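First the structure, in the form of structure tokens, and then the observations on it.
Here is the structure:
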């Protein structure tokens with residue numbers, strides 16, 4: 001349908017538009033008109049993606065010189081990216097009915113080499129870093145130069161095809177997903193990854209991962225040419241603060257530290273070999289450094305496919321390299337000091353927290369350096385040296401890159417926003433598993449270059465309440481912030497809070513109750529009852545893997561699992577990504593077979609993030625406990641202290657906010673469209689309290705009555721059964 005929205009002609013590829021979609025478009029247009037940022041919460045299953053695409057593409061094409069503006073649509077996963085491209089294809093087909101190809105957009109999806117590489121050997125590698133390194137070993141300038149003289153030197157035929165022909169090609173308007181780029185590359189003999197990268201320049205709509213904008217190492221390589229007029233959307237952004245923090249944090253364990261020492265020795269030998277065989281390369285590098293050419297400039301020369309610095313663009317140093325690290329051997333000596341200081345930390349027997357400033361001061365003292373700022377060059381200096389030595393397999397030096405990132409970030413952010421934490425024991429198992437964390441505490445650091453550069457950044461999700469938390473944590477001003485109710489012809493969501501078991505035991509996952517067998521027994525009783533009476537798929541979430549393990553072990557010892565398996569097939573999500581994917585796939589097969597299935601999973605796990613349990617896959621979801629974070633974590637405590645001091649966010653407020661966004665994300669998995677329906681069970685007495693209930697998204701809270709906020713298991717099951725019966729009859733009619 002075509003309609004006018006406040007003076008803008010909007011093209012929407014369906015016969016009708018929901019009221020909440022219309023309101024969403026109106027608020028989004030306000031942000032675009034104002035040139036400001038937006039925080040928008042849209043109910044699950046109400047067409048958020050197509051709403052965004054329809055409004056923004058109509059907005060872009062309504063202006064003259066529309067090719068100057070882009071939509072940059074960021075998703076968390078490749079699966080979500082493919083869904084966006086699918087919706088974009090529907091929209092493009094609809095617009096062609098009116099205009100042919102006159103105003104058709106070029107839409108490009110981009111993912112890593114892991115998803116786009118078609119080289120027979122490289123594409124079969126399992127790890128993304130290994131694929132990147134193997135690609136570099138076939139495409140580096142010095143490798144290609146050597147192949148001209150020596151035909152035995154292997155290069156990538158697809159990259160050569162791209163360089164010879166694909167570099168000048170431009171795709172016609174249309175929507176191109178990963179499969180089409182791979183098919184196009186196979187047919188033409190061009191590298192799909194580099195060709196897709198090049199098409200970003202010409203695309204009107206770009207769909208790719210958060211990391212291409214938020215991770216400085218990747219953003220410097222892929223997204224540096226985007227202009228201020230680009231409209232940026234972060235979809236499913238309820239955890240965007242965690243993504244920001246992870247992009248600037250660095251962790252080192254015993255394995256990384258041990259291998260970094262071996263890497264350093266290997267690199268020192270490579271330097272000595274280069275001096276003996278061809279000293280000109282090292283001499284030329286030294287001369288460029290002496291000529292005060294910034295390392296960042298040297299590393300970013302055309303044709304050199306290397307990652308960017310691990311710090312924000314405005315914090316990259318564009319000045320002369322310090323004397324102490326100009327010569328290769330002197331630089332390696334400094335890195336040895338860094339490794340020694342890291343090793344001294346890893347040998348401690350108790351938890352320690354220190355500031356980056358104190359850590360860097362010790363390195364300066366031990367290495368006899370003149371200035372702490374010298375260490376800010378470490379990562380770029382390592383990259384420059386590896387390029388100079390013409391190292392083809394960078395995967396061999398990955399541990400050394402991690403160490404160099406650690407010290408570079410620490411030396412760049414000495415005073416605020418970071419802390420260094422050493423933990424000798426695993427917080428869940430108490431096993432000796434030492435880890436040293438350079439933890440970013442300020443999520444606003446990673447997103448600030450984005451919110452400062454682009455006129456409009458949209459942060460949106462189905463579970464992003466309370467709306468005011470995100471601008472506070474991410475330190476930006478929202479021109480528009482809105483949450484929308486779900487408009488329904490029927491009540492397709494049935495949220496219930498179970499506070500007591502059948503024997504009146506108070507249900508709670510709080511720490512004091514975790515050793516209470518009565519709670520575990522009543523959780524098991526609730527699951528058995530629901531599994532017996534609820535058809536098809538039943539998805540269960542626990543607050544953590546540790547708690548799930550404890551409860552499932554209790555159920556195993558008390559025959560609960562055996563009884564459960566008599567009712568439905570049972571699958572368990574583990575921490576291994578491959579195993580988790582297999583469990584989810586088999587759960588779906590169990591539902592398809594008519595046998596019905598139960599999936600035991602964890603908040604913040606794979607099933608809770610981005611997996612849809614629509615239709616018969618998710619007729620009911622049960623959340624056993626409130627998914628609070630582990631409050632004894634030193635990293636979490638440091639972050640909460642930082643938020644309290646710098647953003648006036650109280651610790652309790654943050655913990656409740658975080659727990660409820662995770663809870664909403666879990667239960668929201670069962671509603672994926674307006675014809676869908678499902679029961680949402682919150683099995684913990686604390687969910688009945690106002691301070692938790694009020695943090696649920698409006699589209700869930702609107703259906704949670706006081707009557708259904710304090711139920712026993714049997715009563716909740718009766719309400720759920722009646723709801724499902726009513727829904728199934730309405731569906732048949």
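Numbering (the UniProt record's numbering), first residue to last: 1 to 733. No residue lacks a Cβ here, since even glycine has one placed at the ideal position from N, Cα and C. As the structure is a computational prediction, the values presented were derived from the model and not from experiment.
Between which two residues does the alpha helix (DSSP H) harbouring residue 467 extend? From DSSP, residue 467 is part of no alpha helix (DSSP H); its letter is neither H nor E.
Assuming residue 55 contacts residue 29 under a Cβ cut-off of 8 Å, what Cβ separation, rounded to an integer in Å, is found between them? The C-beta distance from residue 55 to residue 29 rounds to 6 Å, short enough to meet the 8 Å contact threshold.
Closest to residue 112 by C-alpha separation, out of 191, 47, 639 and 677, would be which residue? 191
Write down every uninterrupted run of the beta strand (DSSP E) in the region 31-86 whose length is 3 residues or greater and which is fully enclosed by it, in chain order. 37-41 and 71-75
C-alpha distance - residue 497 paired with residue 710, whole-angstrom precision: 6 Å
Top-ranked residue by Cα proximity to residue 470, from 51, 34, 40 and 418: Comparing Cα positions, the closest option is 40.
Among the residues of its own chain, which have a CB less than 6 Å from the CB of residue 133, if the five just before and after it don't count? 393, 394 and 395
Flag this pair as yes or no: are the beta carbons of residue 526 and residue 713 separated by less than 7 Å? yes
With DSSP collapsed to three states, give me the class of residue 150. coil
Under 7 Å between the Cβ atoms of residue 505 and residue 522? yes
Can you pull the DSSP bridge partners for residue 622? Answer is 540 and 681.
Have a look at 172, 534 and 195 and flag the residue whose alpha-carbon is nearest the alpha-carbon of residue 160. It is 195 whose Cα lies nearest to the Cα of residue 160.
Going by C-alpha distance, which of 407, 370 and 313 is nearest residue 342? Taking only the C-alpha atoms, the option nearest residue 342 is 407.
Is it true that the region 145-156 meets the region 166-181, where meeting means three or more beta-carbon pairs spaced less than 8 Å apart? No, the region 145-156 is not in contact with the region 166-181.
Report the start-end ranges of each beta strand (DSSP E) in the region 302-384 that is 3 residues or longer and not cut off at the edges. 352-354
Starting from residue 752, follow the beta strand (DSSP E) in both directions and report where the run begins and ends. This structure leaves residue 752 out entirely; the chain is present only between 1 and 733.
What does the Cβ neighbour count give for residue 162, buried or exposed, with the cut at 16 atoms within 10 Å? buried
I'd like to know whether the C-beta atoms of residue 474 and residue 443 end up nearer to each other than 7 Å. yes
I need the straight-line Cα distance from residue 259 to residue 484, nearest angstrom please. Spanning the two alpha carbons is a distance of roughly 52 Å.
I'd like the span of the beta strand (DSSP E) that includes residue 240, first residue to last. Unbroken run through residue 240 is the alpha helix (DSSP H), 240-248; no beta strand (DSSP E).
Residues that residue 2 bridges to, as DSSP identifies them: Residue 2 is bridged to 11.
Can you tell me whether residue 479 is helix, strand or coil according to DSSP? Looking at residue 479 - three-state DSSP - the assignment turns out to be strand.
Can you grab the Cα-Cα spacing for the pair residue 694 / residue 42, in whole Å? 17 Å
Residue 73 to residue 359 span [Cα, whole Å]: It is roughly 39 Å from the alpha-carbon of residue 73 to the alpha-carbon of residue 359.
Could you name each continuous alpha helix (DSSP H) segment of 4 residues or more that falls completely within the region 83-141, going from the start of the chain to the end? Fully enclosed alpha helix (DSSP H) runs of 4 or longer: 113-116 and 128-139.
Just to confirm the assignment, what range does the alpha helix (DSSP H) spanning residue 655 have? Counting along the chain, the alpha helix (DSSP H) containing residue 655 begins and ends at 651-667.
Is the distance from the Cβ of residue 308 to the Cβ of residue 220 below 7 Å? yes
Who pairs with residue 494 in a beta bridge, going by DSSP? 679
Residues near residue 303 in its chain [Cβ-Cβ closer than 8 Å; skip 5 each side]: Summary for residue 303: the model assigns pLDDT 48, below 50, so the residue's position carries little reliability, and this model does not support an answer.
Where does residue 717 fall in DSSP's three states? helix
Whole angstroms are fine: how far does the CA of residue 541 sit from the CA of residue 571? 12 Å
For residue 587, count the other beta carbons within 10 Å of its own beta carbon; 16 or more makes it buried, fewer makes it exposed. Which is it? With at least 16 other beta carbons inside 10 angstroms of its own, residue 587 counts as buried.
Where are the beta strand (DSSP E) runs, 3 residues long or more, that stay fully inside the region 509-560, in chain order? 537-542
Among 434, 468, 53 and 399, which one has its Cα closest to the Cα of residue 266? Ranking the options by Cα distance to residue 266, first place goes to 399.
Does chain D have any CB closer than 7 Å to the CB of residue 155? Among the chains of the structure shown, chain D does not appear; only one protein chain is present.
Looking only at its own chain, which residues have a Cβ that is under 6 Å from the Cβ of residue 31, when we skip the five neighbours before and after it? The beta carbon of residue 31 sits closer than 6 Å to the beta carbons of 38, 456, 479 and 480 from its chain, once the five residues preceding and following it are set aside; these are given in chain order.
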